[in-house]
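Student:
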Amino acid sequence: MYPVRSISQISKLLFFVKIFVGFIPINDQSSENLANVILQRCDELNLDMTKCVGQGYDGAANMAGHLSGVSKQELEKIIPRQDTFIVPVTVLNLTLSNVMSVPAIRNCLGVVSQVVNLFQESFECKQKFFKKLSKNMLQTVKRKRLLRLCDTRFIERHDSIIVFLELFECIVMALEEIAQRTWTISSTASTLHSASQKSEFLVSIVVCEKLFSLTLPLSIFLQNKSFRFSFRCEVYK
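By this note's numbering, the letter at position 168 of the sequence shown is numbered 180, and the numbering carries on one by one without gaps.
Below, the structure is given as structure tokens:
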């Protein structure tokens with residue numbers, strides 16, 4: 013929670029001072045309970061809720077949902093004079109999340125995630141991967157380590173996909189060799205090797221890379237401090 017402590021107006025620009033008030037453990041995630049927890053905490057801080065002018069969330073459905081979210085169903089009953097704001101980059105992230113719900117793309121990212129986990133969590137797989145990398149591509153690639161896919165923000169997956177495609181040849185060769193072993197992970201490697209050779213996977217991962225290459229600059233722009241500040245000033249007017 014970040015209640016606004018003070019607002020000053022200098023040269024017609026608004027400056028907000030936010031104070032972090034702590035983490036609150038939640039057992040019941042219903043909108044009614046979340047609203048009660050928020051109001052209870054505000055009451056403990058002696059905040060005058062009649063002066064509340066807005067709410068801001070990262071787009072969580074149970075918080076900012078237009079039908080049953082906290083902001084609509086609960087807090088507006090008590091605080092009618094307020095608006096709900098979402099950070100622009102969060103809107104982009106939510107949009108990409110909807111796009112990535114397409115089965116082919118979702119399955120592709122699932123395979124990538126499993127491959128990365130396999131090579132990072134298994135010492136034998138990691139050694140086999142670096143052996144293939146040293147033999148075939150060590151001098152031609154800049155990055156030599158696979159990156160995990162971010163679990164919460166799709167726009168931060170760009171680097172993971174780029175590195176995966178750059179090292180794809182070594183990944184496939186390592187998976188093929190591991191699959192021929194009698195290790196406990198050989199069956200998993202065999203499954204992932206087969207999945208990575210399917211045309212649907214190959215097309216999907218290229219589509220993901222192209223999409224992320226377009227949205228990454230936009231994400232960086234939306235997170236620019238000057239943009240976010242001017243955007244909020246226009247909204248608050």
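Glycine is no exception: its CB is placed at the ideal position from the N, C-alpha and C atoms.
On a predicted model such as this, the values are computed, not experimentally measured, just so you know.
1) Between Cys137 and Ile197, which are expected to be in contact by the criterion C-beta below 8 Å, what is the C-beta distance as a whole number of angstroms?
2) Taking buried to mean at least 16 other C-beta atoms within 10 Å of its own C-beta, is Arg157 buried or exposed?
3) Cα separation between Phe213 and Ser202?
4) The alpha helix (DSSP H) that contains Val49, what's its start and end?
5) At which residue ranges does the region 122-161 contain complete alpha helix (DSSP H) runs of 4 or more residues, listed in the order of the chain?
6) Please work out which residues of its chain come closer than 6 Å, Cβ to Cβ, to His170, disregarding the five sequence neighbours upstream and downstream, and give them in chain order.
7) Taking 8 Å as the threshold (C-beta atoms), are Ala207 and Val114 in contact?
8) For Leu130, which residues in the same chain have their Cβ closer than 6 Å to its Cβ, ignoring the five residues on either side in sequence?
9) Considering only their Cβ atoms, is the gap separating Asn148 from Glu188 smaller than 8 Å?
10) Just the C-alpha distance for Ile174 and Ile217, rounded to the nearest angstrom, thanks.
11) Return the chain-ordered list of same chain residues with a C-beta closer than 8 Å to the C-beta of Ser134, the five sequence neighbours on each side being excluded.
12) Determine the closest residue to Asp163 out of Gln235, Leu121, Thr194, Thr200, with distance taken between C-alpha atoms.
Tutor: Once the coordinates are examined:
1) 7 Å
2) exposed
3) Phe213 and Ser202: Cα-Cα distance of roughly 15 Å.
4) 43-56
5) Taking 4 residues as the minimum length, the alpha helix (DSSP H) runs contained wholly in the region 122-161 are 135-148, in order along the chain.
6) Phe224, Leu228
7) no
8) Answer for Leu130: Cys137, listed in chain order.
9) no
10) One C-alpha to the other measures close to 10 Å.
11) Ile197
12) Leu121
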